[in-house]
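Worksheet for the structure shown next.
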Amino acid sequence: MIDVKATIVDGSMHEVDSSEMAYKIAASMALKDAGKKCSPVILEPIMNVEVTVPDEYYGDVMGNISSKRGLIEGSEQRGNAQTVKAKVPLAEMFGYATDLRSFTQGRGTYTMIFSHYNEAPKSVSEEIIKKSGKAQG
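For what it's worth, the UniProt record's numbering labels the leading residue of the sequence shown as 1, then goes sequentially.
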């Protein structure tokens, strides 16, 4: 969870029953209860990605980024190469170095830095929740 603010409005202390662990458990239970009463969403990290490739691979890069739920923000010519700027979910970028080497014959490069968080699409959220349920047993 992010951007959560909680205010404790009441509490009590007992020499026998009160411990640091008891307070942690109570706080955890309160957050779970609050989560059930609101409309939480899953956020995914979005990355600023710049891919530089020789001109002949420009179309391949555009198609590849689009297939990764990427949002193309623009491109520019740099000598005999094209640089494509896009925002792409981090989850879609795993293994990208191998993919890029493969379809550019090792002649493409890319950089990637964090941009922001975005609400994950429903299909992605459902898949995460399904995997989480399997992991918990």
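Backbone N, C-alpha and C define an ideal beta-carbon position, used for all residues, glycine too.
Opposing strand residues paired with residue i [DSSP bridges]
{"i": "residue 50", "result": "85 and 111"}
{"i": "residue 119", "result": "43"}
{"i": "residue 105", "result": "Paired residue(s): none; residue 105 is not in a bridge."}
{"i": "residue 2", "result": "Per DSSP, none; premise fails for residue 2."}
Span separating the alpha-carbon of residue i from that of residue j
{"i": "residue 49", "j": "residue 90", "result": "10 Å"}
{"i": "residue 23", "j": "residue 29", "result": "10 Å"}
{"i": "residue 19", "j": "residue 5", "result": "23 Å"}
{"i": "residue 82", "j": "residue 128", "result": "35 Å"}
{"i": "residue 130", "j": "residue 123", "result": "11 Å"}
{"i": "residue 73", "j": "residue 80", "result": "20 Å"}
{"i": "residue 109", "j": "residue 21", "result": "49 Å"}
{"i": "residue 133", "j": "residue 126", "result": "11 Å"}
{"i": "residue 47", "j": "residue 35", "result": "27 Å"}
Where residue i sits in the DSSP three-state scheme
{"i": "residue 11", "result": "coil"}
{"i": "residue 28", "result": "helix"}
{"i": "residue 75", "result": "strand"}
Cβ neighbours of residue i in the same chain (closer than 7 Å, five flanking residues each side left out)
{"i": "residue 71", "result": "86 and 87"}
Neighbourhood of residue i by C-beta distance below 6 Å, restricted to the same chain and skipping five residues each side
{"i": "residue 120", "result": "42 and 44"}
{"i": "residue 61", "result": "51, 53 and 84"}
Same chain only: Cβ atoms within 8 Å of residue i, ignoring 5 sequence neighbours per side
{"i": "residue 33", "result": "none"}
{"i": "residue 2", "result": "43 and 117"}
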